[in-house]
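**Q** Here it is, the structure, as structure tokens.
Number of protein chains: 4
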Amino acid sequence: MESLIGRRIGVLDDGFVEVVDCMGDDAAIVQAARVSYGEGTKRVTEDRGLIRYLMRHRHTTPFEMCEIKLHVRTTMDCWRQWIRHRTANVNEHSTRYSVAIDSAQRTAPGQWRLQSKDNRQGSEGSLSAERGEHFSGREAEIIASTRQVYDERLAAGIAREQARKDLPLSTYTEAYWKIDLHNLLHFLELRMEPHAQYEIRQYAEAIGFQIVSQWVPLTWEAFLDYRLGAMSLSRTEIGLLSLLHAGRGVEAVEEMQVAGWLQREGDICKPSREAREFAAKLQRLGLSPPWQT
Amino acid sequence: MESLIGRRIGVLDDGFVEVVDCMGDDAAIVQAARVSYGEGTKRVTEDRGLIRYLMRHRHTTPFEMCEIKLHVRTTMDCWRQWIRHRTANVNEHSTRYSVAIDSAQRTAPGQWRLQSKDNRQGSEGSLSAERGEHFSGREAEIIASTRQVYDERLAAGIAREQARKDLPLSTYTEAYWKIDLHNLLHFLELRMEPHAQYEIRQYAEAIGFQIVSQWVPLTWEAFLDYRLGAMSLSRTEIGLLSLLHAGRGVEAVEEMQVAGWLQREGDICKPSREAREFAAKLQRLGLSPPWQT
Amino acid sequence: MESLIGRRIGVLDDGFVEVVDCMGDDAAIVQAARVSYGEGTKRVTEDRGLIRYLMRHRHTTPFEMCEIKLHVRTTMDCWRQWIRHRTANVNEHSTRYSVAIDSAQRTAPGQWRLQSKDNRQGSEGSLSAERGEHFSGREAEIIASTRQVYDERLAAGIAREQARKDLPLSTYTEAYWKIDLHNLLHFLELRMEPHAQYEIRQYAEAIGFQIVSQWVPLTWEAFLDYRLGAMSLSRTEIGLLSLLHAGRGVEAVEEMQVAGWLQREGDICKPSREAREFAAKLQRLGLSPPWQT
Amino acid sequence: MESLIGRRIGVLDDGFVEVVDCMGDDAAIVQAARVSYGEGTKRVTEDRGLIRYLMRHRHTTPFEMCEIKLHVRTTMDCWRQWIRHRTANVNEHSTRYSVAIDSAQRTAPGQWRLQSKDNRQGSEGSLSAERGEHFSGREAEIIASTRQVYDERLAAGIAREQARKDLPLSTYTEAYWKIDLHNLLHFLELRMEPHAQYEIRQYAEAIGFQIVSQWVPLTWEAFLDYRLGAMSLSRTEIGLLSLLHAGRGVEAVEEMQVAGWLQREGDICKPSREAREFAAKLQRLGLSPPWQT
Chain E
-1 MESLIGRRIG
9 VLDDGFVEVV
19 DCMGDDAAIV
29 QAARVSYGEG
39 TKRVTEDRGL
49 IRYLMRHRHT
59 TPFEMCEIKL
69 HVRTTMDCWR
79 QWIRHRTANV
89 NEHSTRYSVA
99 IDSAQRTAPG
109 QWRLQSKDNR
119 QGSEGSLSAE
129 RGEHFSGREA
139 EIIASTRQVY
149 DERLAAGIAR
159 EQARKDLPLS
169 TYTEAYWKID
179 LHNLLHFLEL
189 RMEPHAQYEI
199 RQYAEAIGFQ
209 IVSQWVPLTW
219 EAFLDYRLGA
229 MSLSRTEIGL
239 LSLLHAGRGV
249 EAVEEMQVAG
259 WLQREGDICK
269 PSREAREFAA
279 KLQRLGLSPP
289 WQT
Chain A
-1 MESLIGRRIG
9 VLDDGFVEVV
19 DCMGDDAAIV
29 QAARVSYGEG
39 TKRVTEDRGL
49 IRYLMRHRHT
59 TPFEMCEIKL
69 HVRTTMDCWR
79 QWIRHRTANV
89 NEHSTRYSVA
99 IDSAQRTAPG
109 QWRLQSKDNR
119 QGSEGSLSAE
129 RGEHFSGREA
139 EIIASTRQVY
149 DERLAAGIAR
159 EQARKDLPLS
169 TYTEAYWKID
179 LHNLLHFLEL
189 RMEPHAQYEI
199 RQYAEAIGFQ
209 IVSQWVPLTW
219 EAFLDYRLGA
229 MSLSRTEIGL
239 LSLLHAGRGV
249 EAVEEMQVAG
259 WLQREGDICK
269 PSREAREFAA
279 KLQRLGLSPP
289 WQT
Chain H
-1 MESLIGRRIG
9 VLDDGFVEVV
19 DCMGDDAAIV
29 QAARVSYGEG
39 TKRVTEDRGL
49 IRYLMRHRHT
59 TPFEMCEIKL
69 HVRTTMDCWR
79 QWIRHRTANV
89 NEHSTRYSVA
99 IDSAQRTAPG
109 QWRLQSKDNR
119 QGSEGSLSAE
129 RGEHFSGREA
139 EIIASTRQVY
149 DERLAAGIAR
159 EQARKDLPLS
169 TYTEAYWKID
179 LHNLLHFLEL
189 RMEPHAQYEI
199 RQYAEAIGFQ
209 IVSQWVPLTW
219 EAFLDYRLGA
229 MSLSRTEIGL
239 LSLLHAGRGV
249 EAVEEMQVAG
259 WLQREGDICK
269 PSREAREFAA
279 KLQRLGLSPP
289 WQT
Chain R
-1 MESLIGRRIG
9 VLDDGFVEVV
19 DCMGDDAAIV
29 QAARVSYGEG
39 TKRVTEDRGL
49 IRYLMRHRHT
59 TPFEMCEIKL
69 HVRTTMDCWR
79 QWIRHRTANV
89 NEHSTRYSVA
99 IDSAQRTAPG
109 QWRLQSKDNR
119 QGSEGSLSAE
129 RGEHFSGREA
139 EIIASTRQVY
149 DERLAAGIAR
159 EQARKDLPLS
169 TYTEAYWKID
179 LHNLLHFLEL
189 RMEPHAQYEI
199 RQYAEAIGFQ
209 IVSQWVPLTW
219 EAFLDYRLGA
229 MSLSRTEIGL
239 LSLLHAGRGV
249 EAVEEMQVAG
259 WLQREGDICK
269 PSREAREFAA
279 KLQRLGLSPP
289 WQT
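Keeping their order, the protein sequence lines are chains E, A, H and R. Just so you know, we're using our numbering here: the first sequence kicks off at -1 and counts up by one. Just so you know, we're using our numbering here: the second sequence kicks off at -1 and counts up by one. Just so you know, we're using our numbering here: the third sequence kicks off at -1 and counts up by one. Just so you know, we're using our numbering here: the fourth sequence kicks off at -1 and counts up by one.
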């Protein structure tokens, strides 16, 4: 961990994350748990076992005993999402006090993502690099012209707090971001998942795989097992799976039809969104959906 | 819901919960979600479907748009656990300003619970009513004598803030407790689960089944399905279940032995705590554990 | 208050604030305080007196018992400051799910503010309307061209989450913002003060003078007296003022020189920033600074 | 600071506070402020000046960049107040998992405080040691008998979570308590003030004078000057003081009568509680109240 402090890990075309300082480690979590649980945990001889137990049973307070302070550089657009995690301490570069950072995120021709048909908040696939060329060119122009407008205002003596008003969201900003490990893991769980936006996912993965994994390796392992790699089955799904296990797939399909998960159209069944999510879980569990697709 | 306001729901021998006021309902959640997701959600024609989608995908902020204010009366012991939920607004009866409430929780002879062997923080079974008789008698004595000491101090002019110092934790206190629905559901998820202490569980169940279920019925239904009645499978458990589905139970058992989940002792396997938790999940899914017990 | 719900109060050129719902009022604060302070407050016969007492002595929890939900429309730039107040519930219009609002804040020729010389984070005075003409024209161009780029991307099927990246900070966004009264007053105290940026100050003043003053009039009056209109004297300033009251102005000046508040330059004294702040306080108290300026 | 880590500072008869770990110092506050305010603060050459500026102008976020973890041992009664500060991370000794600590706070014969006449939540003066003798004896008895009841329950196999129910509030508990410097200063401001209860004040003073003063000496000095030793004048008080400075004391008295601060009774004036608070401020400023007492 020592070797991580002060080392910038590049993210996106001009962003980074860097550890400024940290407090505690896997041992501090164990130490705090033992204050809470006292003599009772003497039997748990292994730190690893205790940390896994805490993670599995959602004993979250011992993880709050570790704290990390990062210096991050990201776009204002990405920061808009980031800052929604309220349980952190933040000092952001102020564009009232100082001139805005002269850098904005740029998109390579092959990186223009297409709107997902399936998921209103997502993207899938991308424009061809040929078509993307045009958009990358336009992007360069608009970044240049918005900056020009900004600089011209400053040169005329207009207040920084007002001059900045038309800067693009792609403008980079910097911040010190300090958070405890429990809340950091929550951030990572939400922002590492496939539906998180690409940009913030890059930051979350850098923080997770390159920083947290080094800082608290036992906690990281438990997090991957019990949180990031875990699957939640709803009460309904548990019932359906039990039917499948009992060889009663026909009943399961009937129940799904009653619940509106499947719409029979001739021989095949059109699954609802929730049914498709269930099918994906079945696949991960090595089973096929019981309806014909 | 209107009919709930001002009605005291009794809990324990002398406690209660009572709705003082509330803001929002299922419709307010939908309304807030539609501000966030805008035109995009017009297609979701049904409120119920949207609320279930939000709950399933952990879109928590719309649930924060509902707020409830309860008047509760509980023991100081129970309150010690309750107050650990930090995201609430609280006004508690002050025993610096006022005389302490003259009531303490009493235990019937048949209600003395035994220490769980299996779970260091739990209880199971109870003393016989005959043996309990003794302890209920002793309890009455100690409650009486601690109060006597308190009253005697007050009579001598000793400051309330100091006179209270030896009141028993079983003394009742009252508070206004105001919380948003998202955080209330989190409270309920933790405090309604079987391992929560009996006393606070009574409050959580009263709030859940008698209040929240009336206040936001669609949310409550989704909560039961996706949260309270849900099951989480760890990455390891997903792998083991896939092996079982593929008819490779022997391999699963081998993996569990390697991971330390099973200790072979002659013909039978001694499961670790985590293995027993897995077995309970298998049972809920209609399967038997693959090892001999 | 009823009459406020659903009425839009215009702010800036195309923003607004609107009460969606509220819980509690002055009477609810008194009610909560009486739970805390119990019999002890029976003597305080007047609600007004009790509310003023609570405000004066920073008993903040009773004010947390009131909650308000606003629908606001403001610029992303302004929202960047607003969202830094963490103790609120928020649902913001998502530009991942939906197309961005087609409106950006525009500046009239006479409204271009100049950078303050004195205060690195402020503005003072403004460009002449003639000179401002140029900047308002440039602003219209850049707002039009950034929107054109955005629309062109959407038309090509680029994902909304990426298309938005170069929208200007002046783009309007909307949110539901729900907060308790104690935290709202803290927001207002910080954002109504003269050094707050003009734009957010307009929102704070609209919320304060047009909403809170109607909603909880007794609390609002106490807030103006004990918070917004109050003055804080540091320990050093208290000492200096005592010297002035004792007719020992010369000593006061000497102490200020020793502390580095005054730099003598010939006959006159150059005051430090802290000394000038002290002089402003003296003036408000009807006194002149004891040094020659 | 290094020398403080792991050293127990005794508080009350059997409590303590001890630094387990800390992150950051005065320099970290300056570093964070410079990220926020960027180039703008290069002119502020001195760290001390910058820290004082931040404290004076309530720029609180840089102080959040420091974090401290304490191990504390205090009574459950005192902890009930302590835990009301919600912005901290906590791991408390669990009396569900473990046997309760066998120690309760005891009161020396001369330390029984009398109820304040003036302040419903305070104490003033104390019983004579002779009279106190009786109450200290009774206290010893009740502490012994409550413990006996507890031990007897445990011996009979009653669950720890239930056996504890009649432990007195004076029972000691231990916790890890982790908090950022900004929130710690807020805690200290409230708990070091004369109206805070004696017991928690002992902890606050130990933390303030023995720990924070060593950890962040520049911040501590600024805190004493701008927060703990500061005085707030309400808008009304500012107006009255201006009248006094202008030699218009008679008018001031008239205004106070109109506002209900003074009740004339023959030749003398009976001041309200707020008027007495104002008189105390005047005295601190070297002035006498303008009314006859």
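The C-beta atom is built at its ideal place from N, Cα and C for all residues, glycine as well. Please read these numbers as outputs of a predicted model, since none were measured by experiment.
Between the stretch 228 to 239 of chain H and chain R, which residues of the former have a C-beta closer than 9 Å to a C-beta of the latter?
**A** Those would be 228, 229, 230, 231, 232, 233, 234, 235, 236 and 239, in chain order.
**Q** If you measure from the beta carbon of residue 38(A) to each beta carbon in chain R, is any gap under 8 Å?
**A** Note on residue 38(A): pLDDT 48, under 50, position unreliable in the model; the coordinate value appears next. Residue 38(A) does not count as touching chain R.
**Q** Residue 244(A) touches chain E at which residues, Cβ-Cβ below 8 Å?
**A** What residue 244(A) touches in chain E: 284.
**Q** So is residue 42(A) buried or exposed if we call it buried at 16+ other beta carbons inside 10 Å?
**A** Residue placement at residue 42(A) is flagged as unreliable, the pLDDT there being 46, under the threshold of 50; the coordinate-derived value follows with that caveat. That one is buried.
**Q** For the stretch 152 to 165 of chain A, which residues have a CB atom closer than 9 Å to at least one CB atom of chain R, in sequence order?
**A** Taking 9 Å as the Cβ-Cβ cut-off against chain R, the residues of the stretch 152 to 165 of chain A that qualify are 152, 154, 155, 156, 157, 158, 159, 160, 161, 162, 163, 164 and 165.
**Q** Note the first and the last residue of the continuous alpha helix (DSSP H) segment covering residue 177(E).
**A** Segment 170 to 178 is the beta strand (DSSP E) holding residue 177(E); no alpha helix (DSSP H) there.
**Q** In this structure, how does DSSP classify residue 195(R) when only helix, strand and coil are distinguished?
**A** Residue state, collapsed to three classes: coil.
**Q** Are there three or more Cβ pairs, one per stretch, closer than 8 Å when the stretch 132 to 145 of chain H is compared with the stretch 56 to 74 of chain H?
**A** At 8 Å Cβ cutoff, the stretches do not touch.
**Q** Can you name the start and end residues of the beta strand (DSSP E) that residue 67(E) belongs to?
**A** Where residue 67(E) is concerned, the enclosing beta strand (DSSP E) stretches over 65 to 73.
**Q** Below 8 Å on the Cβ atoms is my contact criterion, and I expect residue 180(A) with residue 58(A) to pass it. Report the Cβ-Cβ distance as a whole number of Å.
**A** The Cβ separation is near 5 Å, so the contact holds.
**Q** Nearest to residue 103(R) by alpha carbon, out of 225(R), 207(R), 204(R) and 165(R)?
**A** Of the listed residues, the one whose Cα sits closest to residue 103(R) is 165(R).
**Q** If we cut at 8 Å on Cβ distances, does residue 222(A) have a partner in chain D?
**A** Chain labels in this structure do not include chain D; the protein chains are E, A, H and R.
**Q** Starting from the Cα of residue 169(E), find the closest Cα among 242(E), 253(E), 105(E) and 151(E) and give me that residue.
**A** The shortest C-alpha separation from residue 169(E) is found at 105(E).
**Q** Less than 7 Å between C-beta atoms, sequence neighbours within five positions excluded: which residues of the same chain meet that for residue 17(H)?
**A** Excluding positions up to five away in sequence, the list reads 2, 3, 66, 68 and 209.
**Q** Near residue 255(A), which residues of its chain fall below 7 Å by C-beta distance, leaving aside the five closest residues on each side in sequence?
**A** Cβ neighbours of residue 255(A) beyond the five flanking positions: 262.
**Q** Note down, in chain order, each residue of its chain lying with its Cβ closer than 7 Å to the Cβ of residue 151(A), except the 5 sequence neighbours on either side.
**A** 161.
**Q** Would you say residue 11(R) faces chain A, with C-beta separation under 8 Å as the test?
**A** Not closer than 8 Å to any Cβ of chain A, the Cβ of residue 11(R) fails to qualify, so no.
**Q** Give the single residue among 45(H), 20(H) and 167(H) whose Cα lies nearest to the Cα of residue 30(H).
**A** Considering only alpha carbons, the answer is 45(H).
**Q** Along chain H, in chain order, which residues have C-beta atoms closer than 8 Å to that of residue 63(A)?
**A** Under the 8 Å cutoff, chain H gives 67, 87, 89, 174 and 176.
**Q** Beta-carbon separation of residue 233(H) and residue 222(R) under 8 Å?
**A** Yes, Cβ-Cβ distance for residue 233(H) and residue 222(R) is below 8 Å.
**Q** Provide the residue span of the beta strand (DSSP E) that contains residue 256(E), from first to last.
**A** Segment 247 to 256 is the alpha helix (DSSP H) holding residue 256(E); no beta strand (DSSP E) there.
**Q** Could you give the residue range of the beta strand (DSSP E) that holds residue 279(A)?
**A** Here residue 279(A) belongs to no beta strand (DSSP E); instead the alpha helix (DSSP H) covers 271 to 282.
**Q** Listed in chain order, which residues of the stretch 125 to 136 of chain A have Cβ atoms closer than 8 Å to some Cβ of chain R?
**A** So the close ones are 125, 129, 133 and 136.
**Q** With a cut-off of 8 Å, does the C-beta of residue 22(R) fall near any C-beta of chain E?
**A** Output row for residue 22(R): interface = yes.
**Q** Starting from the beta carbon of residue 19(R), find every residue of chain E whose beta carbon is closer than 8 Å, and list them in chain order.
**A** 21, 22 and 26, listed in chain order.
**Q** When the Cα atoms are used, what is the spatial distance from residue 0(A) to residue 79(A)?
**A** Taking the straight line joining both Cα atoms gives about 29 Å.
**Q** Counting Cβ pairs, one atom from each stretch, are 3 or more of them under 8 Å apart for the stretch 110 to 121 of chain H and the stretch 116 to 130 of chain E?
**A** No contact exists between the stretch 110 to 121 of chain H and the stretch 116 to 130 of chain E.
**Q** Using C-beta distances below 8 Å, list every residue in its chain close to residue 148(A), excluding the 5 sequence neighbours before and after it, in chain order.
**A** Closer than 8 Å at Cβ, skipping near neighbours: 98, 161, 162, 164 and 165.
**Q** Going by the CB atoms, is the gap between residue 171(R) and residue 249(R) shorter than 8 Å?
**A** The answer is no: Cβ separation not under 8 Å.
**Q** Relative to the alpha-carbon of residue 239(R), which residue among 23(H), 269(H) and 279(H) has its alpha-carbon at the smallest distance?
**A** Per the Cα distances, 279(H).
**Q** Applying the 10 Å Cβ sphere with the 16-neighbour rule, what's the burial state of residue 265(H)?
**A** Exposed.
**Q** Closer than 7 Å by C-beta to residue 287(A): which residues in its own chain qualify, once you throw out the five before and the five after it? Chain order, please.
**A** Around residue 287(A): 277 and 280.
**Q** Do residue 204(R) and residue 49(R) have their beta-carbon atoms positioned less than 8 Å apart in this structure?
**A** No, these two residues do not count as a Cβ contact at 8 Å.
**Q** Exposed or buried, what is residue 60(A) when buried is set at 16 or more other beta-carbons lying within 10 Å of its beta-carbon?
**A** When all chains shown are included, residue 60(A) counts as buried.
**Q** Can you tell me where the alpha helix (DSSP H) holding residue 219(R) begins and where it ends?
**A** Counting along the chain, the alpha helix (DSSP H) containing residue 219(R) begins and ends at 215 to 221.
**Q** Would you give the residue range spanned by the alpha helix (DSSP H) that residue 298(H) belongs to?
**A** Shown here, chain H extends from -1 to 291; a query on residue 298(H) therefore has no answer.
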